[in-house]
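A.B. asks: Before I ask anything, here is the structure I am working with.
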Amino acid sequence: MAGEAAAEMLDQKLRQQGDEDVLSMDELVEMLLRDVSVIPTTEEATMAAAAAAITSAHALPGDAFEEILRRVPPRGLAACRSVCASWRAAVDAGRLLRADRLPLSVAGILIHFDVHNYTEMFVRPASSSWPPRPEVSARLDFLPSADDAWTTVCDHCNGLLLLEDYVVNPATRRWDPLPRPPRKEPFRFESWTRYLAYDPTMSPHYEVVRIRTSRSIDIIGDLEWPPSPFVMQVFSSRTRRWEERPFSRQGSAAGTFTYMDLVGARGGHAAFWRGKLYVHCANNFFLRISLSSDEYQVIQPPTGVDKSSRVSSLYLGKSEKGVYLASLNRCDLRVWILDESSPDHRPEWVLKHHNNLENVRPRNSPYHYQHNDPWRLEDVNYNQAPEIAKSHWKFLSESYSYVVDDPAAVIRVDRTTKCYVKNLQILGFHPFAEIVFLSGSSRSGLSYRLDRSELRYLGSIFPTCCGEKIASGRGSIVTSFPYTPCWIKEIPANK
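Here UniProt numbering is used: position 126 in the sequence shown is 126, and no number is missing along the way.
What follows is the structure, encoded as structure tokens:
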């Protein structure tokens, strides 16, 4: 009813403006934003009722309605765009939500090493992007707790970063604090993972979803997992509070308590695609979560992926045509795409690409970049360190610098696996092209293009800080996210 009431109020005011010209354009814009903001667009039925009631906007001359929208800031445009199809078409036709502000390009890859306190940025050279943009730094020194270890990035979604206590936009240097989530049983051990859901073309608001990944050991028996309803904790930037929301399961469960290892595996990723959150869970099953209808569905792993396979050998992400999953076993690379077009709406993994990379040689080497700009590691941990530690780390890292400077370290055959690149690991998907980002021995950044089976060297990801641990095999990449900057200044709210 709130959506219908807001729509009727907007309808009356628009009629007044059209018939009596009692409102100035600025007043109309202010009224439009205020009334649209109270429409609960997350509820599909209410949104449809509200959209049907807002008819007088169509009766306005096209240039008048476009002029109204032109005066709406980006945050409000995203809200207007989510009201109905005709409003979305009006915003898109006038190119009002500027594409150069949206997260439509890759600026780098966020990488967290297990020996580091801060997440690093593997930065794409500015000369390779168009239109040119200033470099975005992973050094989040504008946060109130920038000196704490809590600046580790937990998740990334369309330009926003999820930290333990903040949601951050490093491109605009804006941030929102996250309140502490509720805990009903503070003395019972439970493990949770959190994910970020945000799409500025659909809504100006984001949501943080916390999913319980372990239960206390006193729960036994043949109980289905995940349960139905499955209670998740959701924080919304619209309401500024956490809620415990029950999600009903559509379809069968993944297994039972006696079968499932419910301890969440470290390194599982998520993807946000067309309003749904896809989550990689323990034992390699997946959840498709609809935040608008409070429903979820279990997706079984594809053929060839064992439920006991290491989560770190898999990567769930968004790419050119939807939700993708990559598996890397030594040199054997498989990539699936999630097909959701079946009549019964049952999602299935379809094998998109399979190749053994043992015979794939990089088409370039570190020497290729003597006359071209490579990608580079920002070295946040080294730059944040005290001076006395810097000299020590630099000395130790220089002792291992031959590993990076020698092109043979990138293109030589690994005698153990017969790969041209050693110890391959998936860093993520390019969100707008069918490209998989890889690392070799936590030292070299590479890209692999699926349609050409082409491997390219991007640059060194070898850090100065604690680099000796990584070079000696004692350090590893915990998690990584391809980063797409969002330049909408109003999101998040604080600066």
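Even for Gly, the Cβ is constructed at its ideal location relative to N, Cα and C.
Would you identify the three-state DSSP class for S313, choosing helix, strand or coil?
C.D. replies: Helix at S313.
A.B. asks: On the three-state DSSP scale, how would you describe E224?
C.D. replies: Look at E224 here: in three-state DSSP terms it is strand.
A.B. asks: Per DSSP, L161 forms a beta bridge with which residues?
C.D. replies: DSSP output for L161 lists H156 and V168 as bridge partner(s).
A.B. asks: With a 10 Å radius around its C-beta and 16 neighbouring C-beta atoms as the bar for buried, classify E434 as buried or exposed.
C.D. replies: It counts as buried.
A.B. asks: Can you list, in chain order, the residues of its chain with a C-beta nearer than 8 Å to that of G275? Leave out the 5 residues immediately preceding and following it.
C.D. replies: D199, M202, S290, L291 and S292
A.B. asks: Closer than 7 Å: is that where the CB of Y118 sits relative to any heavy atom of the ligand SAH?
C.D. replies: Among the components modelled here there is no ligand, and therefore nothing to report on the ligand SAH.
A.B. asks: Which residues in the same chain as N355 place their Cβ atom closer than 6 Å to its Cβ, once the five residues preceding and following it in sequence are excluded?
C.D. replies: L333 and S453
A.B. asks: For the beta strand (DSSP E) containing Y382, list its first residue and its last residue.
C.D. replies: Taken as a continuous stretch (DSSP letters only), Y382 belongs to no beta strand (DSSP E), being part of the alpha helix (DSSP H) at V380 to Q384.
A.B. asks: Under three-state DSSP, which class holds N355?
C.D. replies: strand
A.B. asks: Roughly how many angstroms separate the alpha carbons of S105 and R124, rounded to a whole number?
C.D. replies: 10 Å
A.B. asks: Which residues mark the beginning and the end of the beta strand (DSSP E) in which P302 is found?
C.D. replies: Premise fails: P302 is in no beta strand (DSSP E) and is neither H nor E.
A.B. asks: Have a look at R183, L160 and Y324 and flag the residue whose alpha-carbon is nearest the alpha-carbon of W175.
C.D. replies: L160
A.B. asks: Since T479 sits in a beta bridge, which residues does DSSP pair it with?
C.D. replies: H112
A.B. asks: Determine the closest residue to F272 out of Q425, S248 and Y324, with distance taken between C-alpha atoms.
C.D. replies: Of Q425, S248 and Y324, the smallest CA-CA separation from F272 is found for Y324.
A.B. asks: Closest to G322 by CA distance: which of L328, N329, S341 and S308 is it?
C.D. replies: S341
A.B. asks: Within a Cβ cutoff of 6 Å, which residues of the same chain sit near L351, ignoring the five residues on either side of it in sequence?
C.D. replies: W336
A.B. asks: If you draw a straight line from the alpha carbon of F235 to that of Y206, how long is it in whole angstroms?
C.D. replies: Roughly 8 Å separates the two Cα atoms.
A.B. asks: Can you look up E66 in the DSSP assignment and give me helix, strand or coil?
C.D. replies: helix
A.B. asks: Please classify H345 as buried or exposed, where buried requires at least 16 other C-beta atoms within 10 Å of its C-beta.
C.D. replies: exposed
A.B. asks: Which value, in whole angstroms, describes the spacing of the CA atoms of H156 and L446?
C.D. replies: 20 Å
A.B. asks: Anyone know if the C-beta pair for Q250 and Q300 falls short of 8 Å?
C.D. replies: no
A.B. asks: Just to confirm, is the Cβ distance from S439 to D114 under 8 Å?
C.D. replies: No, they are not a contact pair.
A.B. asks: Going by beta carbon distance, what residues of the same chain come within less than 7 Å of F247, once the five residues before and after it are set aside?
C.D. replies: Excluding residues within five positions, the ones whose Cβ falls inside 7 Å are P229, F230, M232, I289, D294, E295 and Y296.
A.B. asks: Would Y118 and V380 be called neighbours here (beta carbons separated by less than 8 Å)?
C.D. replies: yes
A.B. asks: Quick one: residues in its chain with C-beta nearer than 8 Å to the C-beta of F481, no 5 flanking neighbours on either side, listed in chain order?
C.D. replies: I109, L110, V153, D155, H156, H269 and G428
A.B. asks: Which one of L450, C331, P431 and L314 has the shortest CA to CA distance from A107?
C.D. replies: P431
A.B. asks: Taking only three categories from DSSP, how would you classify R443?
C.D. replies: In this structure, R443 counts as coil in the three-state DSSP scheme.
A.B. asks: Straight-line CA distance for E358 to S327?
C.D. replies: 15 Å
A.B. asks: Quick one, which of R330, L162 and N283 has its alpha-carbon nearest S309's?
C.D. replies: Of the candidates R330, L162 and N283, the one whose C-alpha sits nearest the C-alpha of S309 is N283.
A.B. asks: Suppose the cutoff is 7 Å on Cβ atoms and the five residues either side in sequence are ignored; what does the same chain contact list for G317 look like?
C.D. replies: H269, A271, Y324, G428 and F429
A.B. asks: When you compare the CB positions of T484 and P170, do they come within less than 8 Å of one another, or not?
C.D. replies: When the beta-carbon positions are compared, T484 and P170 stay at least 8 Å from each other.
A.B. asks: Taking C-alpha atoms, which residue in N383, W487, P463 and R361 lies nearest to Y457?
C.D. replies: R361
A.B. asks: Using only the alpha-carbon positions, how far apart do residue 530 and P204 sit?
C.D. replies: Missing from the structure shown is residue 530; the chain here goes from 1 to 495 and no further.
A.B. asks: In whole angstroms, what is the alpha-carbon distance linking E135 and A126?
C.D. replies: 7 Å
A.B. asks: Pick from F122, R88 and R101: whose alpha carbon is nearest that of R443?
C.D. replies: F122
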